[in-house]
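J.:
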Amino acid sequence: MARVRSRPRPKLKSRTARPRVGRRRAPPSPFASLGRFLFRLEAAGVALLVLALVSIPSLVPATRGLADLRDGFVSTFGLLVFAIIGLAAYLGLAIVRRRVDQLFVAWQPWAAGGLAAVFVCGLLGFFRPGWQLGGVLLDDVTAGGDLGHLLAGSPLGILVWLVSGAAAFTVATPQGARATASAAAAGGRAVWGWRLPARAWTSARALVELIFPMRTPPRGAEKVPLETVIWAQEAAPQPAIEELAAPFEDVEEPAEVEEIDEAEEEEPALPGDNGRQQMLPLDGAEEEAAGEEEAAPPKRRRRGRGGWQLPPLDLLLDVAPQEGEVDNDARARLIADTLASYGVDARVVQVNEGPTVTQFGIEPGWEVRTRQVAERDATGRPLLDRSGQPKVHTEEVSRTRVRVNQITALANDLALALAAPSLRIESPVPGKPFVGIEVPNHNAALVTLRSVIESAQFRRHSVRSRLALALGKSVAGEPVVADLTRMPHLLIAGSTGSGKSVCINTIISCVLMHASPEEVRLVMIDPKRVELSAFAQIPHLAFSKIITDVD
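The sequence shown begins at 450 in our numbering and counts up by one.
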């Protein structure tokens, strides 16, 4: 069979175009390279650093032009020039290190720094030291320069200086400024509650009248002899106050009224010639009676702002605390034994007894896995005991925490062991490293509004806000207090008989007990005319009545 020789295929030329040969680029001129270098950020940073170094007034050469520029700069800003030089150096260093984008991430530091610089400049404006900076004597201008003199030399400048300091503190530390304002407001309310200004004015006026007696009886008035009066039980009846003050009826000066306690009003005493009370010694029976009266605490009037007399706390029901009838230690042991019987390792670490439920804090234990290992000698042979059996010892393999769902799955078994109708398991308790098992108490305790209002937690809230709310007590028996001013909205919901009306009445009562009508006004809307009818006569209503017609 003849071979057929195939022709080789001709090679095709590549159709890819040959790259064009371009012109050679001319070498860059030195002026173009210098321009590109000058417009780089690094060059700007280096320039700022050099400018900061040569701007120190003591290092600038004393030539005519630079000296005038230096002296004008120093006379304008004073000692603040060092801060400006430091800022220029900081910006230059940041530019050189290519961290410019990090400088302007937040505006608060720059705003606080600028306001603080204005405040420091005004503060330096109060001083005139005898130093010489450059060619400027700081005694001629202030230590803060002309700008500091402008801030410290006029009432408007001082106002701007104080506002800049307060604004710098507020922008730098908003929470610190808010806490300072709250503390100042609380201190002002406390001082006003002590009636300190009125008592200080009364004491100062009495001291001035004692040193410089200026009161003289009017013409035609008879002089009344001042005698020392000794007040005792068998003393003769004293003349009325109107009879002693009869010759001074023409005096037009108003009498001063001072608020006193009820205990001070019931104590009879007349001042002697030296303004002190002189008392006679009492016998044994009278001394015992006086001791009992002193032991009883005086009832103080509760006053709000503007002289408004707040309702006394005696109007609220006060119930003595009830003692627990169930042994919580026994129930804690029963819970631990029940969990152990189901193979769950746990222990009770905390017991919080509340008014209606008692919370038991359960800390999960460990699941330990072990194995039996035969003991061997140095040669590797197993050791035998007296009976000829190999000796073994237990070795721990792993240790893991007991899962929380192993405890929650035993809720019905725990309720059966505790003879409780139901229980609630909180897993975990917020902020605490244990699981909470809440068991209902056999006898629920009564939580009164007075017991919460008299607590230290409510007193702390009532000092800061007039809208402090007493909401009740927690599972641990601690008072639960809230501030209505920090709630954008408040929704009270629940099924029938869950206590919605009691909660509303408690909120309104808290406001009435601690705020005057000048401080808080209430807008009450009651279309059903049932819930809020008891508050129809309170003076805190904004429209003097309860709105019942919503149309």
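All residues carry an ideal CB built from backbone N, CA and C; glycine is no exception.
Fair warning: this is a prediction, and the values are worked out from it, not measured in the lab.
Whose C-alpha, out of 792, 652, 830, is nearest the C-alpha of residue 815?
T.: Checking every option, the nearest Cα to that of residue 815 belongs to 792.
J.: Measure the CB-CB distance between residue 801 and residue 925 and report whether it falls below 8 Å.
T.: Contact flag set, yes.
J.: Mark residue 524 as exposed unless 16 or more other C-beta atoms lie within 10 angstroms of its C-beta, in which case mark it buried.
T.: Looking at its Cβ environment, which holds 16 or more other Cβ atoms inside 10 Å, residue 524 is buried.
J.: If you follow the beta strand (DSSP E) that residue 613 is in, where does it begin and where does it stop?
T.: Looking at the DSSP string, residue 613 is not in any beta strand (DSSP E); the run it does join, the alpha helix (DSSP H), is 604-621.
J.: Where does residue 677 land, buried or exposed, given buried means 16+ other C-beta within 10 angstroms?
T.: Here residue 677 scores only 41 on pLDDT, less than 50, and its place in the model should not be relied on; the value that follows carries that caveat. Classification of residue 677: exposed, given that the 10 Å Cβ count is below 16.
J.: For the segment 910-955, list the beta strand (DSSP E) runs that are entirely contained and at least 3 residues long, ordered along the chain.
T.: Qualifying beta strand (DSSP E) stretches, in chain order: 917-922, 928-932.
J.: Just reading off the beta strand (DSSP E) that residue 889 is part of, what are its end residues?
T.: Taken as a continuous stretch (DSSP letters only), the beta strand (DSSP E) holding residue 889 covers 884-889.
J.: Suppose you measure from the CA of residue 895 to the CA of residue 943; what does that come to, to the nearest Å?
T.: In a straight line, the C-alpha of residue 895 is about 20 Å away from that of residue 943.
J.: What residues match up with residue 801 in a beta bridge as DSSP calls it?
T.: DSSP output for residue 801 lists 808 as bridge partner(s).
J.: Quick check: the segment 835-844 against the segment 863-882, are at least 3 beta-carbon pairs closer than 8 Å?
T.: No: fewer than three Cβ pairs fall under 8 Å.
J.: Measuring straight from C-alpha to C-alpha, what distance separates residue 674 and residue 758?
T.: No answer about residue 674 holds up, because its pLDDT of 46 lies below 50 and its placement is not dependable.
J.: Taking C-alpha atoms, which residue in 997, 977, 972 lies nearest to residue 988?
T.: When each option's Cα is compared against that of residue 988, the closest is 972.
J.: Thinking C-alpha only, which one of 930, 877, 970 is nearest residue 922?
T.: Comparing Cα-Cα distances from residue 922 to each of 930, 877, 970, the minimum goes to 930.
J.: Nearest by alpha-carbon distance to residue 893: which of 587, 805, 583 is it?
T.: Of 587, 805, 583, the residue nearest in Cα terms is 805.
J.: With a threshold of 8 Å between beta-carbons, can residue 558 be considered close to chain C, or not?
T.: The displayed structure is made up of one protein chain only, and chain C is not part of it.
J.: If you reduce the DSSP assignment to three classes, tell me which class residue 818 lands in.
T.: Three-state result, residue 818: strand.
J.: Less than 8 Å between the beta carbons of residue 796 and residue 785, yes or no?
T.: In this structure, residue 785 lies closer than 8 Å to residue 796 by Cβ.
J.: Would residue 878 and residue 856 be called neighbours here (beta carbons separated by less than 8 Å)?
T.: No, they are not a contact pair.
J.: Who pairs with residue 795 in a beta bridge, going by DSSP?
T.: In DSSP, residue 795 forms a bridge with 813.
J.: So the alpha helix (DSSP H) residue 974 belongs to, where does it begin and stop?
T.: Note, residue 974: premise wrong, no alpha helix (DSSP H); not H, not E.
J.: Of all the options 601, 558, 585, which has the alpha carbon lying nearest to the alpha carbon of residue 572?
T.: With distances taken between Cα atoms, residue 572 lies closest to 601.
J.: In three-state terms, what does DSSP make of residue 989?
T.: Residue state, collapsed to three classes: coil.
J.: Once the 5 residues before and after residue 587 are set aside, which same chain residues still bring their CB inside 6 Å of it?
T.: Correct list, in chain order: 578, 580.
J.: Between residue 576 and residue 592, is the Cβ-Cβ spacing less than 8 Å?
T.: In this structure, residue 592 lies closer than 8 Å to residue 576 by Cβ.
J.: With a threshold of 6 Å on Cβ separation, who are the neighbours of residue 964 within its own chain once the five nearest residues in sequence on each side are excluded?
T.: Here the set comprises 915.
J.: On a CA-only basis, which of 595, 616, 589 is nearest residue 568? Give me that one, please.
T.: Nearest C-alpha to residue 568: 616.
J.: Quick test of your reading: residue 886 and residue 872, contact by CB under 8 Å. State the CB separation rounded to the nearest angstrom.
T.: Going by Cβ atoms, the distance from residue 886 to residue 872 rounds to 6 Å, so yes, they are a contact pair.
J.: According to DSSP, is residue 523 helix, strand or coil?
T.: DSSP places residue 523 in helix when its eight states are reduced to three.
J.: Can you tell me which of the three DSSP states residue 831 falls into?
T.: The answer is strand: DSSP assigns residue 831 an E or B state.
J.: Under the three-state reduction of DSSP, which class applies to residue 630: helix, strand or coil?
T.: Residue state, collapsed to three classes: helix.
J.: Where does residue 847 sit, in a helix, a strand or coil, going by DSSP?
T.: Residue 847 falls in the strand class under three-state DSSP.
J.: Considering Cα atoms alone, identify which of 834, 835, 890, 997 is closest to residue 807.
T.: Looking at the Cα atoms, 890 is the closest of the given residues.
J.: Drop a sphere of 10 angstroms on the beta-carbon of residue 522, count the other beta-carbons inside from all chains shown, and report buried for 16 or more, exposed for fewer.
T.: Per the 10 Å Cβ criterion, buried.
J.: I need the boundaries of the alpha helix (DSSP H) containing residue 856, first residue and last residue.
T.: Taken as a continuous stretch (DSSP letters only), the alpha helix (DSSP H) holding residue 856 covers 853-857.
J.: Helix, strand or coil, according to DSSP, for residue 624 in the structure here?
T.: Note: residue 624 maps to helix in three-state DSSP.
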